[in-house]
Amino acid sequence: MQLKLYNTMSKEKETFSPLNKSEARIYACGPTVYHYQHIGNLRNYLFNDILKRVLLFNKYKVKQVINITDVGHLTSDEDSGEDKMIKALKREKLDISEESLLTLAKKYEAVWQNDMVKINILPAEVYCKATEHVKDMVEMIEKIEKNGFSYESDSCVYFDISKFKDYNKLARLKLENLEAGARVAVDKEKKNPGDFVLWFKTVGKHEKHIMQWDSKYGKGFPGWHIECSAMSVKYLGEQFDIHTGGIEHVPVHHTNEIAQTEASTGKKPWVKYWMHGEHLTLAKEKMSKSLGNVFLLDDLIKKGFDPLAFRYLCLGSHYRKQMIFTLESLEGAQNSLNKLRNKVLELMQKDEGERAVEDYIERFQDAINDDLNMPKALAAVWDMVKDEEVNSKERYDSLMEFDRVLGLGLEDIKSLEIPEDVQRLLEEREHARLNKHWNDADALRDEIKKKGYIIDDGVKGPVLKRV
Numbered sequence: 012m013q014l015k016l017y018n019t020m021s022k023e024k025e026t027f028s029p030l031n032k033s034e035a036r037i038y039a040c041g042p043t044v045y046h047y048q049h050i051g052n053l054r055n056y057l058f059n060d061i062l063k064r065v066l067l068f069n070k071y072k073v074k075q076v077i078n079i080t081d082v083g084h085l086t087s088d089e090d091s092g093e094d095k096m097i098k099a100l101k102r103e104k105l106d107i108s109e110e111s112l113l114t115l116a117k118k119y120e121a122v123w124q125n126d127m128v129k130i131n132i133l134p135a136e137v138y139c140k141a142t143e144h145v146k147d148m149v150e151m152i153e154k155i156e157k158n159g160f161s162y163e164s165d166s167c168v169y170f171d172i173s174k175f176k177d178y179n180k181l182a183r184l185k186l187e188n189l190e191a192g193a194r195v196a197v198d199k200e201k202k203n204p205g206d207f208v209l210w211f212k213t214v215g216k217h218e219k220h221i222m223q224w225d226s227k228y229g230k231g232f233p234g235w236h237i238e239c240s241a242m243s244v245k246y247l248g249e250q251f252d253i254h255t256g257g258i259e260h261v262p263v264h265h266t267n268e269i270a271q272t273e274a275s276t277g278k279k280p281w282v283k284y285w286m287h288g289e290h291l292t293l294a295k296e297k298m299s300k301s302l303g304n305v306f307l308l309d310d311l312i313k314k315g316f317d318p319l320a321f322r323y324l325c326l327g328s329h330y331r332k333q334m335i336f337t338l339e340s341l342e343g344a345q346n347s348l349n350k351l352r353n354k355v356l357e358l359m360q361k362d363e364g365e366r367a368v369e370d371y372i373e374r375f376q377d378a379i380n381d382d383l384n385m386p387k388a389l390a391a392v393w394d395m396v397k398d399e400e401v402n403s404k405e406r407y408d409s410l411m412e413f414d415r416v417l418g419l420g421l422e423d424i425k426s427l428e429i430p431e432d433v434q435r436l437l438e439e440r441e442h443a444r445l446n447k448h449w450n451d452a453d454a455l456r457d458e459i460k461k462k463g464y465i466i467d468d469g470v471k472g473p474v475l476k477r478v
C-alpha cells in the first residue's frame with residue numbers, strides 16, 4: 012500500500028508524493044522554551060517522530076527542521092499580552108535581562124531535549140532558534156512590504172489579510188467569525204481585526220523589551236508567526252513537503268504562516284501537506300500550563316513508570332483523535348510494554364514454527380501507511396508475536412524491523428538481567444521441584460513474583476519474565 016497522509020488543507024487522505032522524489036522535507040513547530048513541556052506537548056512530538064520513522068521505513072530520506080521559540084511569543088497567540096519568556100523571568104524571580112532570558116531558554120531547551128531522548132524521539136536534522144534568525148525574519152518582512160501585503164503603524168508592522176485573497180484556505184473560517192477559532196486581540200491600529208503583527212516596535216508597552224534588534228522600521232522584535240516562515244524557507248526552501256503542529260495552530264498560527272510566506276515568495280502552495288495532532292486531555296479537559304492541569308514526564312518517572320510506557324500509550328491512539336490520559340491507562344501501557352519485552356526474550360530463545368511471516372509484514376505496513384494508523388499496527392504486532400505457527404526467528408526479525416517505527420527500544424533487549432536475590436530464589440525453587448516439594452516451590456514462585464518476575468515452566472525449563 013502506498014503511503015497516504017491526511018492533509019488538513021484538503022480534509023482528505025492523499026497519497027504522499029514529495030516534491031523531490033527521494034527526500035521528504037518537514038517543518039515542525041517546536042517549543043516555546045519558557046517552561047517545562049508537559050506530556051500533552053510530548054504527544055505532539057511523538058506524532059512527529061512516528062511520521063519521520065514511517066517515512067524512513069518507506070525508504071525516503073528525511074530532512075526535519077524544528078524551531079525553538081525564545082522571543083516574540085506573547086501570552087496570546089494573536090499579538091496581545093506579555094512575552095512568555097519575560098513572564099517566565101518574573102515567575103522565577105530572575106533579573107529582567109537578555110543574559111537571564113538566554114540562560115532560562117537554554118535551561119528549558121535542555122530539559123525538553125532530555126525528555127525527547129527518554130521517549131526515544133529521533134533528533135531533527137536542524138534545530139533553529141528564533142533569536143539567531145532575526146535577520147532572516149526582517150528580510151522576509153521587507154519582501155512582504157515590497158509586494159504590498161503589509162502596513163506600518165506607530166507601534167507595529169502588520170500583515171493586511173484583506174490583500175491576501177485565500178487567507179482562510181486552511182482553517183476555512185469566515186473572517187467575521189475568526190473568534191470561533193481563537194481569540195483576536197482588539198487593536199485600534201489594525202485595518203482588519205484579523206491583521207497580525209510582523210514586527211513589534213519597542214515603543215509604548217514594549218518600550219523596555221529586553222530583546223531588541225535594528226530594522227528599517229526601527230528597533231524592535233519579531234512577531235511569533237514570522238519566525239516559522241523565515242526559518243522554514245531558509246532551511247527547506249520556498250516550497251516543501253510537510254508542515255506539522257498541534258490542531259490549535261490551524262486557525263491562527265498556521266493560517267498566518269501561509270499568508271505571510273506566500274505573500275513573500277509569490278509561490279503557491281508553500282507547503283504541500285499540512286498535518287496536525289490532536290490534544291491529550293485529562294477528563295475531557297485539554298492539558299495546558301495555563302489551566303495548571305499538567306503532568307510532566309518526570310512526574311510519571313517518579314511514580315515508577317518507564318518513559319517508554321508513555322510512548323507505548325500514545326501508539327495506542329491515532330494522532331488525529333483526542334487522547335484521554337489516566338494513570339490507569341498508563342499502567343496498562345506499562346504492562347503491555349513489559350509483556351512485549353518478554354515476548355522478545357522468548358523469541359530469542361525459541362526455534363519453532365514453520366509458517367512464513369509475510370502476512371503480518373503486509374498488515375503492519377498497510378497500517379502505518381494508512382495515515383500512521385499505529386493502533387492497527389500494534390494489533391498486527393501482537394497477533395504476530397502470539398502466532399506460534401510462524402517461525403520464531405522470522406517473528407523476532409520482523410519485530411526488530413517493526414521497532415524502527417514503534418521506537419520502543421526492543422533491539423536493546425539482549426537478555427533479562429536477573430538480580431542476584433531473584434536468581435538465588437529461582438535456583439532454590441528448581442531444587443524444591445526436583446525433590447517434589449511442591450508447596451515450597453509454590454511459595455518461592457510467589458516470593459519471586461513479589462520482586463517483579465513471573466516464571467513460565469516450559470519444556471526446556473523455567474523462563475523468567477518481568478511482571
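Per the numbering used here, numbering of the sequence shown is gapless, rising by one per residue and ending at 478. Glycine residues also receive a C-beta, built at the ideal position from the N, C-alpha and C atoms.
In terms of CA proximity to serine 403, Lys361 leads the group Tyr178, Ser161, Ala135, Lys361.
Residue pairing by DSSP puts serine 161 in a beta bridge opposite Phe170. In the structure shown, methionine 334 falls within a strand segment according to DSSP collapsed to helix, strand and coil. Taking a cut-off of 8 Å on C-beta distances, the segment 322–330 touches the segment 338–354, as three or more cross pairs fall below it.
In the DSSP assignment, no residue is bridged to arginine 64. Annotation: glutamine 271 to lysine 278 spans about 11 Å, alpha carbon to alpha carbon. Counting C-beta pairs closer than 8 Å gives three or more between the segment 289–300 and the segment 47–58, which meets the contact rule. In the structure shown, histidine 265 adopts helical secondary structure according to DSSP, grouped into three states. Shown here, leucine 112 sits in a helix according to DSSP, grouped into three states.
In this structure, the CA atom of isoleucine 424 is about 7 Å from the CA atom of valine 355.
Secondary structure at threonine 26: strand, using DSSP grouped into helix, strand and coil. For leucine 247, the three-state secondary structure derived from DSSP is helix. Its chain contains Leu436 as the residues whose beta carbon lies nearer than 7 Å to that of glutamate 458, once the 5 sequence neighbours on both sides are disregarded; these appear in chain order. The alpha-carbon separation between leucine 383 and phenylalanine 321 amounts to approximately 18 Å. Each residue's CA atom was taken as its position, placing tyrosine 246 and valine 76 some 7 Å apart. In terms of Cβ geometry, glycine 364 and valine 401 form a close pair [threshold 7 Å]. Uninterrupted beta strand (DSSP E) stretches at least 3 residues long and entirely within the segment 28–53 occur at 34–39, given in chain order.
Per the DSSP secondary-structure output, phenylalanine 211 pairs in a beta bridge with Cys167, Phe232. Beyond the five residues adjoining it in sequence on each side, isoleucine 335 comes within less than 6 Å, by CB distance, of Thr292 in the same chain, given in chain order. Sixteen is the threshold: since fewer than 16 other Cβ atoms of the shown chains lie within 10 Å of the Cβ of serine 33, the residue is exposed. Contact between the segment 170–180 and the segment 117–124 is absent, with fewer than three C-beta pairs closer than 8 Å. By the CB criterion at 7 Å, alanine 35 and aspartate 370 fall outside the cutoff. A buried status is given to glycine 205, since no fewer than 16 other beta-carbon atoms sit within 10 Å of its beta-carbon. When only Cα atoms are considered, lysine 387 and phenylalanine 375 end up about 8 Å apart. In this structure, the straight-line span from the alpha carbon of asparagine 349 to that of serine 166 is close to 57 Å. By the neighbour-count criterion, in which a residue is buried when 16 or more other Cβ atoms sit within 10 angstroms of its Cβ, aspartate 225 is exposed. The beta carbons of serine 347 and isoleucine 372 sit no closer together than 7 Å. According to the DSSP assignment, tyrosine 323 belongs to no beta strand (DSSP E) but to the alpha helix (DSSP H) extending over 318–326. With fewer than 16 other Cβ atoms from the protein chains shown falling within 10 Å of its own Cβ, glycine 215 counts as exposed.
The closest CA to that of glycine 41, considering only Asp377, Lys72, His260, Glu110, is found on His260. The beta carbon of lysine 15 is closer than 8 Å to those of Lys24, Glu25, Thr26, Phe27, Asn380, Asp381, Asp382 in its chain, skipping five residues each way along the sequence. In the DSSP assignment, lysine 15 falls outside any alpha helix (DSSP H) and lies within the beta strand (DSSP E) extending over 15–18.
Its chain contains Tyr56 as the residues whose beta carbon lies nearer than 7 Å to that of methionine 127, once the 5 sequence neighbours on both sides are disregarded; these appear in chain order. Considering only Gly418, Pro473, Tyr407, Leu419, the residue with the shortest C-alpha distance to glutamate 438 is Pro473. Just so you know, the alpha carbons of methionine 151 and alanine 241 end up roughly 6 Å apart.
Cβ-Cβ distances below 8 Å link glutamate 422 to Met411, Asp414 in the same chain, with the five nearest sequence neighbours on each side left out; the list follows chain order.
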